[in-house]
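**Student:** So the sequence shown is numbered by this note's numbering: it starts at 179 and just counts up by one.
In this text, a Cβ means the ideal position worked out from N, Cα and C, and glycines have one as well.
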Amino acid sequence: MFYGEGEERRLRAAFGDGPVRLWKWWWERRHRLADWFLAVCAFPWNALFTLAPGGDLIRALTAPLLAVDMPSPLQFAVLGTQALALALALVLPVAVSLTLLVRRTRPNWLMSTALVLLLFFGNPVPCMLGLYSYASWFTDRRRLALWSALMVAAVAGTSLVSQNGIAVTFLFLVMGVALPLTLGLWVGTRRQLIGNLRERAERLEREQHLLADRAINAERTRIAREMHDVVAHRVSMMVLRAGGLEVNAPDERTAEAAGLIRTTGRKALGELREILGVLRESTDGPGEAPTAPQPVLSDLARLVGEWRSAGMGVELVTGGRPRPLPAQAERTAFRVVQEALTNAGRHAPGAGVQVRVDYGERDLEVAVSNEPRPPRAPGAPEPPRGGGYGLAGLRERIVLAEGTLTAGPYPDGGWQVRAVLPLTGDG
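1. Tell me, to the nearest whole angstrom, how far the beta carbon of Leu351 is from that of Val333; I am working on the premise that it is less than 8 angstroms.
2. To the nearest angstrom, how far is the alpha carbon of Thr360 from that of Ala331?
3. Could you name the residues that DSSP lists as bridge partners for Tyr537?
4. Evaluate the contact criterion for the region 472-486 versus the region 511-521: three or more CB pairs, one atom per stretch, below 8 angstroms.
5. Put Ala526 into one of helix, strand or coil per three-state DSSP.
6. My output table needs one value for Arg513: the three-state DSSP class, helix, strand or coil.
7. Using C-beta distances below 7 angstroms, list every residue in its chain close to Trp223, excluding the 5 sequence neighbours before and after it, in chain order.
8. Taking all protein chains shown into account, decide if Gln516 is buried (16 or more other Cβ within 10 angstroms of its Cβ) or exposed.
9. Please classify Arg575: is it buried, with 16 or more other beta-carbons within 10 angstroms of its beta-carbon, or exposed?
10. Tell me whether Leu268 is buried or exposed, calling it buried when 16 or more other Cβ atoms sit within 10 Å of its Cβ.
11. Using 8 angstroms as the Cβ pair cut-off and three pairs as the minimum, do the region 313-321 and the region 295-302 touch?
12. Where does Thr360 fall in DSSP's three states?
13. At 4 residues or longer, and completely inside the region 268-313: list those alpha helix (DSSP H) runs for me, N to C.
14. How far does the alpha helix (DSSP H) with Ala479 in it extend, from its first residue to its last?
15. Taking only three categories from DSSP, how would you classify Val595?
16. Roughly how many angstroms separate the alpha carbons of Ala379 and Ala446, rounded to a whole number?
17. The alpha helix (DSSP H) with Pro197 in it runs from where to where?
18. Please go through the same chain and pick out, in chain order, the residues whose beta-carbon is closer than 7 angstroms to the beta-carbon of Gly335, but skip the five residues on each side of it.
19. Note the first and the last residue of the continuous beta strand (DSSP E) segment covering Gly586.
20. Any contact of the region 531-538 with the region 489-501, i.e. 3+ C-beta pairs under 8 angstroms?
21. Less than 8 angstroms between the CB atoms is what I'm expecting for Leu583 and Ala597, so what's the real figure, rounded?
22. Can you tell me whether Ala345 is buried or exposed? The criterion is at least 16 other CB atoms within 10 Å of its CB, across all chains shown.
23. Please say whether Ala479 and Leu494 have beta carbons closer to each other than 8 angstroms?
24. Report the three-state DSSP secondary structure of Val474 (helix, strand or coil).
25. How many Å lie between Ser205 and Pro197 at the Cα?
26. DSSP has Asn548 in a bridge; who is on the other side?
27. Is the Cβ-Cβ distance between Asn548 and Trp485 less than 8 angstroms?
28. Using a Cβ-Cβ cut-off of 7 angstroms (strictly less than) and excluding sequence neighbours within five positions of Thr228, which residues of its own chain qualify?
29. Hey, out of Val492, Gly571, Arg199, Gln370, whose CA is closest to Gly128's CA?
30. Nearest CA to the CA of Met405: which residue from Leu450, Gly437, Glu434?
31. Less than 8 angstroms between the C-beta atoms of Tyr310 and Gly362, yes or no?
32. Does the beta carbon of Val280 sit closer than 8 angstroms to a beta carbon anywhere in chain D?
33. Roughly how many whole angstroms lie between the Cα atoms of Ala292 and Phe348?
34. Would DSSP call Pro553 helix, strand or coil?
35. For my contact list, Gly443 and Val417 are in at a C-beta cut-off of 8 angstroms; report their separation, rounded to the angstrom.
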């Protein structure tokens, strides 16, 4: 069995390009070379069996006519018949060799020629080669059975005319019909089995590569999401605090340091958005991979406290009956609140924000709304621009959790992000 691309590269590295190329050339043409080999090697045997005296039907039919005294014209006719038989005996071996060259594409030509040689000359070589080739290369068992029956009938007719014994006829049937037929069926079945196994191995290899690509894409999506949810969140808080410190700095040196920190943080956010874009370009769909540790709803108080310490006025309101919920729902709800607070701190600094979590019987509702952005003080830094990946990542998470997400402005200029997550378990 020939090797794949990976094995071919290893063989080229081990033996060089020349031997591998020669072996590949031979492997791709091995069946055609085998046809030529059989055609050349079978010619002398076909000629020998066809020209051998005794056993052929034409000789048996014409010999009694030559044994009696007959007129000269009739003798010439018999001699002409024998000359024709001799010409056929010389031409038919060549015809058998030619049909052997097309035995895998035109098997009926070989079988017809073999039947003629077996019936009229008692030559079993084309019959053996024809039955073997048909059984090993073709799956039409009905036609194979028909040809086998015709060959058996031809052997019986030849043995009857030649007055061969039962033992000779049985040996002829075994060696000329049964043995090549059995060997051809075994070779053909083995070839089909190897082909099926090779196809299965190639399919499994393709599926393995596909699963590996999916795993890579899922990991890229997970990394992009976690980098945005965690790193961007921390850097945004750093930029926000540095901006506040720059405006309210007690001295110029502190203001310069805070401005440098804010500028560096904004550059880091820009570079982070570029990295997230590269990570998301090659993914074919959202993937989910576990991370540890994963934040839950009990971490909301810590998250709100961090933003309060950064100067944001955040109010946390809880409704319904707080209880443990499915891990995916709690993790998704936390990320919604985290992303909404990050956006509020980036686009509406100084505005009041309300975080509301409602524990329903069948769903969990999370809403983060902020007031309109207050007028920017003179000298205050411009808020950093977003890359648009935050809401896209939230929508991916919500879709995975089979929930709904709405985000949009209020008429007075405020903004709200609202997510509803179905509860499929009780935690």
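**Tutor:** On the basis of the coordinates in this document:
1. 6 angstroms
2. 18 angstroms
3. Gly498, Leu542
4. yes
5. coil
6. helix
7. Val303
8. buried
9. buried
10. exposed
11. no
12. helix
13. 285-299
14. 478-487
15. strand
16. 47 angstroms
17. 195-206
18. Leu297
19. 582-587
20. yes
21. 5 angstroms
22. exposed
23. yes
24. coil
25. Correcting the residue identity first, residue 205 is Trp in this sequence and not Ser. Rounded to the nearest angstrom, the two C-alpha atoms are 12 angstroms apart.
26. Val531, Trp593
27. no
28. Ala267, Leu270, Pro271, Leu295, Phe299, Asn301
29. Shown here, the chain extends from 179 to 605; a query on residue 128 therefore has no answer.
30. Leu450
31. yes
32. No chain D is present in this structure, which holds just one protein chain.
33. 19 angstroms
34. coil
35. 4 angstroms
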